[in-house]
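Structure (structure tokens):
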């Protein structure tokens, strides 16, 4: 679904929810849309970049990429997460403050990068791919060490967005 249509769809669904509704899937969709819109607004402020939002690739399996950016003959993948509260991250999962477990966003990010790399190889294109996770919620914090720190951008670090397009890493 095109992200403009998705916004209308999500807003329509949201208006149908009452205060006591606990439809977490819809609320996750709403929060995800809000997060992606926030990141898109920052990307639009950058000059001379081309990006696409919510791309889906079907290779050996389906992969969704929140943002694919083309700049200076390089590709950058942004995986946006709008988690809130305190989290701990482990190899293959991330754990919220209520002990709810989620697949690690790094797993999703690497899967997206590998799929895109395979597609590019099939087309005989050899472009470097850099990949980042953007945690867009200002209330999100890690309680433990952040692995692959140079590939993570927290909300408080959004001012570093221009650095994404000058170098290959975001330095904390």
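Residue numbers (the UniProt record's numbering): 1 to 172. Don't be surprised by glycine CBs; every beta carbon is placed ideally from N, CA and C.
Alpha-carbon spacing of residue i relative to residue j, whole angstroms
i           : j           : result
residue 92  : residue 109 : 12 Å
residue 138 : residue 111 : 26 Å
residue 116 : residue 86  : 31 Å
residue 136 : residue 122 : 34 Å
Closest residue to residue i among the options (Cα-Cα distance)
i           : options          : result
residue 98  : 60, 35, 158, 88  : 88
residue 83  : 70, 43, 104, 69  : 104
residue 113 : 164, 76, 139, 60 : 76
residue 126 : 38, 73, 100      : 73
Residues bridged to residue i (per DSSP)
i          : result
residue 86 : 141
residue 37 : Paired residues: none, contrary to the question.
residue 76 : 69, 130
residue 58 : 62
residue 53 : 67
Exposure label - residue i; buried when at least 16 CB within 10 Å
i           : result
residue 131 : buried
residue 58  : exposed
residue 33  : buried
residue 36  : buried
residue 53  : buried
residue 154 : buried
residue 81  : buried
Residue i and residue j closer than 7 Å at C-beta
i           : j           : result
residue 79  : residue 133 : yes
residue 239 : residue 67  : Outside the shown range of the chain, which is 1 to 172, sits residue 239, and nothing can be said about it.
Residue i at chain D interface by Cβ criterion, 7 Å
i          : result
residue 33 : In the structure shown, chain D does not exist; there is a single protein chain.
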